[in-house]
Amino acid sequence: MKQLGLLIRLIAGIIAGTVIGLAGGWLGLADSAGFIAIIRAFATFTSLFSTFLSFMIPLIIIAFVTVGMAELGKKANRLFLLTLALAYGTTVLSGFITFFIGRAALPTLIQPITGDVLESNAFAPFFTIEIDPVFGVMTALVLSFVLGIGMANLHGNAMLNVFRDLQKIVSGVLARIIIPLIPIHIAGLFAGIAAEGRLFATIRMFASLFFIILALQLLYIFSQFVLASAVCRKNHIKSMKNVIPAYFTALGTQSSASTIPIALGCAYNNHVSRDVADFVVPLCATINLNGDTICLTLGSMGIMLASGIEPTFAAFAPFIMMLGVTMVAAPGVPGGGVMSALGLITSMLGFTEPMQQLIIALHFSQDSFGTATNVTGDQAIALIVDKFDNAGSGHIR
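Using my numbering, you'd call the opening residue of the sequence shown number 2 and step up by one each time.
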């Protein structure tokens, strides 16, 4: 299984969990002690995994946001600030546009799953373990900003190197423990959903969200090149054909970093100067995560509606603003966006543990398309930055 892509393992986990959860009904064993024990064993693993994940979330924020803020603060040149402003601005804008589209479309597509099924305890874990996080999510965010900005203004790198080492440790936990166990976690989630008779309502919700998210991501890509055309006063819609290789490479690798060589070639083919392309494309691979923002915003809204909770602008406006910051510092591993944002989703939107499991499952199933959206949007930002660079240096292209 380790040799398979994460998306394939996730799909295998969903199918395996669904088959196990439905098998009790198919075989007439739904009330048998053996079947109940199997589902409760999955529930026990899911509970322990969720507890460990909750413990890690503040550490993920501290490790990545602190280092991200410190390293960004040390690069205060004109092109860097412009690229950062474009990445953050378009990320926040995509979040707000997604929210308003979701408010208009989702209530007719997603109905509350009756019976409070998202909170069902029909198959309770055998036992649970309480592990308190070192500190709360908002404490971690504020502490990260203070430390990151402070280290950006220090002359030495001694303290920054300590946090870089912490980042390597947390990255190792993500890459070697949390990410590999996600398919089993999702299998346990779907086994419980199927066993409790709420599979088809959940699948309908997932399908609706998946295709709306994909449509919004494609619309976002188009709008980015419309923006580039307006800023550059040149038709860059036709430039979209040159970024197709980067889109499909990201779709296959599920990694913005792995796509950088192809993305650079696409930028060169769109006549972005090499100096600008070599600077903007690798930087945006880290800080420009609009595809994840669209997925997390709409996915959170859909899951709230399915849980009978109204997603309000008052709740989502600060969430989207903070999401833009956490996306800038999200770890560069598959699923890193949802892992960084999970603390915000929990503390600002009030997600319970079953709701957290659903947003993780949705994000991982859609992560390849989100990564492809991120990478393609980077090309539009490179075109805009190149235009400003040429204007600032007096060049005419």
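Note that CB positions come from ideal geometry on N, CA and C, so glycine has one too.
Cβ pair residue i, residue j closer than 8 Å
{"i": "Cys267", "j": "Val244", "result": "yes"}
{"i": "Phe101", "j": "Ile321", "result": "no"}
{"i": "Leu217", "j": "Ile310", "result": "no"}
{"i": "Ile111", "j": "Ser209", "result": "yes"}
{"i": "Met328", "j": "Asp368", "result": "no"}
{"i": "Phe352", "j": "Ile346", "result": "yes"}
{"i": "Val66", "j": "Gly149", "result": "yes"}
{"i": "Thr340", "j": "Leu161", "result": "Rather than Thr, the amino acid found at residue 340 in this sequence is Met. In this structure, Leu161 does not lie closer than 8 Å to Met340 by Cβ."}
{"i": "Pro59", "j": "Phe136", "result": "yes"}
{"i": "Ile179", "j": "Leu363", "result": "no"}
{"i": "Ile288", "j": "Ala88", "result": "yes"}
{"i": "Asn291", "j": "Thr374", "result": "yes"}
{"i": "Gly103", "j": "Leu299", "result": "yes"}
{"i": "Phe191", "j": "Gly303", "result": "no"}
{"i": "Gly189", "j": "Thr52", "result": "no"}
Buried versus exposed, by CB contacts within 10 Å (16 or more), residue i
{"i": "Ala38", "result": "exposed"}
{"i": "His156", "result": "exposed"}
{"i": "Phe317", "result": "buried"}
{"i": "Lys388", "result": "buried"}
{"i": "Leu82", "result": "exposed"}
{"i": "Leu390", "result": "With the sequence shown as reference, residue 390 is identified as Asp, and Leu is not the correct amino acid for it. That one is buried."}
{"i": "Ile15", "result": "buried"}
{"i": "Pro184", "result": "buried"}
{"i": "Gly35", "result": "exposed"}
{"i": "Asp133", "result": "exposed"}
{"i": "Ser257", "result": "buried"}
{"i": "Ile170", "result": "exposed"}
{"i": "Ile213", "result": "buried"}
{"i": "Ala159", "result": "exposed"}
{"i": "Thr313", "result": "exposed"}
{"i": "Thr109", "result": "exposed"}
{"i": "Val282", "result": "buried"}
{"i": "Thr19", "result": "buried"}
{"i": "Gly116", "result": "Low confidence applies here, because Gly116 scores a pLDDT of 44, under 50, leaving its location unreliable and the question unanswered by this model."}
Span of the alpha helix (DSSP H) around residue i
{"i": "Met139", "result": "138-153"}
{"i": "Thr287", "result": "275-288"}
{"i": "Ser230", "result": "200-233"}
{"i": "Met305", "result": "291-307"}
{"i": "Leu83", "result": "79-110"}
{"i": "Gly193", "result": "180-196"}
{"i": "Lys239", "result": "From DSSP, Lys239 is part of no alpha helix (DSSP H); its letter is neither H nor E."}
{"i": "Ile263", "result": "261-270"}
{"i": "Ser172", "result": "159-174"}
Separation of residue j from residue i, as counted between CA atoms
{"i": "Val118", "j": "Arg199", "result": "Caution applies to Val118, whose pLDDT of 41 falls short of 50 and renders its modelled position unreliable; the model cannot decide the point."}
{"i": "Phe50", "j": "His186", "result": "7 Å"}
{"i": "Phe128", "j": "Ile40", "result": "13 Å"}
{"i": "Ile397", "j": "Asp279", "result": "Residue confidence is low: Ile397 scores 45 on pLDDT, short of 50, so the model does not pin down where it sits. Its coordinate-derived value is still stated next. Cα to Cα, Ile397 sits roughly 20 Å from Asp279."}
{"i": "Leu357", "j": "Arg10", "result": "It should be noted that the sequence gives Gln, not Leu, for residue 357. Going from the Cα of Gln357 to the Cα of Arg10 covers about 19 Å."}
{"i": "Asp166", "j": "Ala64", "result": "9 Å"}
{"i": "Ala307", "j": "Pro113", "result": "4 Å"}
{"i": "Ala195", "j": "Val326", "result": "37 Å"}
{"i": "Val163", "j": "Ile62", "result": "15 Å"}
{"i": "Arg275", "j": "Leu384", "result": "12 Å"}
{"i": "Ala315", "j": "Leu350", "result": "10 Å"}
{"i": "Tyr248", "j": "Ile222", "result": "10 Å"}
{"i": "Ser121", "j": "Phe201", "result": "Low per-residue confidence applies at Ser121: pLDDT is 49, beneath 50, and the placement is therefore not dependable enough to give any value."}
{"i": "Glu72", "j": "Thr250", "result": "28 Å"}
{"i": "Ser33", "j": "Pro262", "result": "55 Å"}
{"i": "Val386", "j": "Phe211", "result": "32 Å"}
{"i": "Val273", "j": "Cys285", "result": "15 Å"}
{"i": "Gly371", "j": "Phe146", "result": "26 Å"}
{"i": "Gly25", "j": "Phe43", "result": "14 Å"}
{"i": "Pro319", "j": "Val138", "result": "15 Å"}
{"i": "Arg205", "j": "Ala153", "result": "47 Å"}
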